[in-house]
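First the structure, in the form of structure tokens, and then the observations on it.
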Amino acid sequence: MSRERDLALRRRYRVERLMLALVALGTLLAFLVLFLVLVYALFQGLGALNLDFFLKDMRPPGEAGGGLRQAIVGTLIVDGLGLLLALPFGLAAGILLAEYPDHPLNPYLRLLSDTLNGMPAILFGLLAFILVVKPMGGFSGLSGAFALGFLMIPILARSTEGVLSLVPKEVREAGLALGLPRWRVILSLVLPTARAGLITGILLAFARAAGEAAPLLFTAFGSPLLELNPLKPMDTLPLRLFAFAISPYEDWHQKAWAAGLVLFGFITLTSLLARWASRRRF
Amino acid sequence: MKRLYTHFGDRVFALVLLLLALGVVALALLMAYELYRGGSLALGRFGLLGFALGKEWDPALEKTFGAWPYILGTLIVSLSALFLSFFPALAAAIFAAEYAPRWLAQILNFLLDLMAAVPSVVYGLWGIFVLAPWLRDKLQLPLYLWAAEHAPGLLPLLGVPTGYGLMTAVLILASMIVPYTAALARDAIALVPREHREAAYALGATRWEVMRLAILPLARGGILAGAFLALARAVGETMAVTMVIGNSHKLPYTLFGGAATMPSVIANEFTEAVEDLHLSALIGVGFLLFLVSMAVNFTAAYVLRRQERLVKGVL
């Protein structure tokens, strides 16, 4: 009897060890490609990174030197404009969801936000093409901003709702008890309390949009020279990276890796900043 | 509660919020309507079914547009990627939630966030310059040479070894969607009540037995929802796939061969489409993509909601 129990126990421990090994192996596999991508981006990209990369526009193929200033500036402009477009809608939807839980629109709002959140980014580009590029008669940074803005709205709505629902009920009750109208309670008490979390959500939405190329292919379109007028086609880093990656020139491949590294660095920094912001109180 | 709305400022504020929030509703409706309208020229010409099931896509000569090769390509690529990524993702979630010490779990969670945040063009770049050449030289070429010598009948199945094709896209996509399954699975595992584990441990279960008997059955819905979300991401992923899939108009018939997906054909041809019918056909593909994404997302939302109810019921 005890021998049998002993054997059964041993078998169970063997299974335990086997499963631990499998789980560890699976975890390694899960992160393998991420690790490889990061290593390659570092090794290939660092060589092409210098001051010129940030301060000069790109050169025609075959000419050495130059940088990607136009793409970096373009990314900031298109993404920034997109954020400005998305903020009022995303914040309002989030506030409605969190602060007016009984509102009849909410179930639909939540479902539609989630659905839009899962929509392929390229569809937002198609929508911006139909709504902005066609009526305006040409590609433009502004239409790219619309595409990215559309993309950010559902992200902002859900993150705002999540953050506001973490604000303690007592904050609202205290305000209402003082006789403040509800709108003042929300604007002067609830939103400031949740400020750090709101900033985190905004940063993450911004970072997410900064890496998108698909919705910009036929909206912002790209431009080889620095362009500050949002009504003209504009370059962004992901767009330029794509164009360089499928080009046949060695120098451009190097710059594509560097662009990837800069993009990746920017997004990591933003996420770290967002984490840091959500930890401290302002 | 009702009295609060009677304040004039409150009414104005609630109205402004409502109007802005209606923007979200409008965005969703506009997307459905405009994609349908934009594709109506092609959809009208071939009919919805004829367009979706048509096997010919020829913008140059025949001017016929059938989206079936891209629908099939999307299905093959995204389902295979989901299949490949599911168990590593689940393993990562289990490891982060149950096995790893706190500091390691925090690093893993950060890596998962990072993986989801790396732009897809960067994955595509790696695919073009590292994965595709490697697959070509180390796998496809040897296989091709072997088949040429020993089994020439297999050659058409292998296709030309270029490194670009379905398999490359599947491999990259699989690692890109890991964080979606993993994050939801991790959260679902974390939501399982402590009492469940403690009861199982008290009965003398090993750590794996606790996982298998007490945790995974309860977390199943969340894990499933994560898989559906990952599938939705895979269906819509554009840049990385476009960069490595080889972009062929033909029906995908070999694992190594070139293919295209619904997003990749839009990305590839949209700026080249000069004729109205071609443009409309591409927007029509977008409309089909919209329908597919919608279906997958709704399923994910449904599964997740049922899961929430299940866990609440246990508590």
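For the record, the sequence lines run as chains A and B.
Residue numbers for the first sequence follow the numbering used here, so the first one is 52 and each next one is one higher.
Residue numbers for the second sequence follow the numbering used here, so the first one is 807 and each next one is one higher.
Ideal Cβ positions, reconstructed from N, Cα and C, are used throughout, including at glycine.
Taking 7 Å as the limit between beta carbons, can you name the residues of its chain near residue 1065 of chain B, skipping five residues before and five after? 879, 971, 972, 1051, 1052, 1054, 1058
Extract the residue ranges of the alpha helix (DSSP H) inside the region 932-974 of chain B, only unbroken runs of 4 or more that lie entirely within it. 938-941, 947-956, 961-964
Could one say the Cβ of residue 58 of chain A lies closer than 8 Å to chain B's Cβ atoms, at least one of them? no
Chain-ordered neighbours of residue 303 of chain A on chain B, where CB pairs are closer than 9 Å: What residue 303 of chain A touches in chain B: nothing, since even the nearest Cβ is about 12 Å away.
If you scan the region 197-284 of chain A from start to end, which runs of the beta strand (DSSP E) of 3 or more residues do you find wholly inside it? none
Flag residue 1069 of chain B as yes if its beta-carbon sits less than 8 Å from any beta-carbon of chain A, otherwise no. yes
Judging by CA-CA distance, which residue of B/899, B/1039, B/928 is the nearest neighbour of residue 917 of chain B? B/899
Sort A/76, A/64, A/74, A/119 by Cα distance to residue 305 of chain A and report the nearest one. A/119
CB-CB length for residue 312 of chain A against residue 288 of chain A, believed under 8 Å: Not really, about 10 Å apart at Cβ, beyond 8 Å.
For residue 114 of chain A, decide whether its Cβ has a neighbour in chain B, counting only Cβ atoms nearer than 8 Å. no
To the nearest angstrom, report how far apart residue 200 of chain A and residue 1011 of chain B are at their CA atoms. 51 Å
Taking 8 Å as the CB-CB limit, is residue 308 of chain A close to chain B? yes
Tell me, please, whether the CB atom of residue 924 of chain B is closer than 8 Å to any CB atom in chain A? yes
Run down chain A in chain order and give the residues with a C-beta less than 7 Å from the C-beta of residue 833 of chain B. 167, 201, 204
Given residue 1068 of chain B, which residues of its chain have a CB within under 6 Å of its CB, disregarding the five upstream and five downstream residues? 876, 880, 1091, 1095
Could you give the residue range of the alpha helix (DSSP H) that holds residue 879 of chain B? 874-900
Could you please tell me which residues of the region 312-324 of chain A, in chain order, have their CB closer than 8 Å to any CB of chain B? 314, 315, 318, 319, 322
Ends of the alpha helix (DSSP H) at residue 1002 of chain B? 1000-1008
For chain A, is any of its Cβ atoms less than 8 Å away from the one on residue 880 of chain B? no
Give me the Cβ distance between residue 1027 of chain B and residue 942 of chain B, rounded to the nearest whole Å; I'm assuming they're in contact under 8 Å. Not really, about 41 Å apart at Cβ, beyond 8 Å.
Below 9 Å between beta carbons is the criterion; list the residues of the region 227-242 of chain A that meet it against any residue of chain B, in chain order. 227, 232, 233, 234, 235, 237, 238
Using a Cβ-Cβ distance cut-off of 8 Å, determine whether residue 1099 of chain B contacts chain A. yes
List the residues of chain A whose Cβ lies closer than 7 Å to the Cβ of residue 900 of chain B, in chain order. 74
Beta carbon proximity, residue 1103 of chain B to chain A, threshold 8 Å: yes
Rounded Cβ spacing between residue 244 of chain A and residue 218 of chain A (contact assumed at less than 8 Å): 5 Å
If you measure beta-carbon to beta-carbon, which residues of the region 1075-1096 of chain B are closer than 7 Å to chain A? 1076, 1077, 1089, 1092, 1095, 1096
Between the CA atoms of residue 128 of chain A and residue 991 of chain B - distance to the nearest angstrom: 37 Å
CB-CB length for residue 834 of chain B against residue 156 of chain A, believed under 8 Å: Wrong, their Cβ atoms sit about 13 Å apart, outside the cutoff.
Cβ of residue 87 of chain A within 8 Å of any chain B Cβ: yes
If you follow the alpha helix (DSSP H) that residue 301 of chain A is in, where does it begin and where does it stop? 301-330
Which residues in the same chain have their Cβ closer than 8 Å to the Cβ of residue 175 of chain A, if we skip the five residues on either side of it in sequence? 198, 199, 201, 202, 266
With distances taken from CA atoms, which of A/146, A/285, A/115 is nearest residue 249 of chain A? A/146
Residue 966 of chain B at chain A interface by Cβ criterion, 8 Å: no
Note down the Cα distance separating residue 6 of chain A from residue 1056 of chain B, rounded to an integer number of angstroms. No statement about residue 6 of chain A is possible, as the shown extent of chain A runs from 52 to 333 and does not include it.
So, does the CB of residue 993 of chain B fall closer than 8 Å to a CB anywhere in chain A? no
Can you find a C-beta in chain A that's less than 8 Å from the C-beta of residue 836 of chain B? yes
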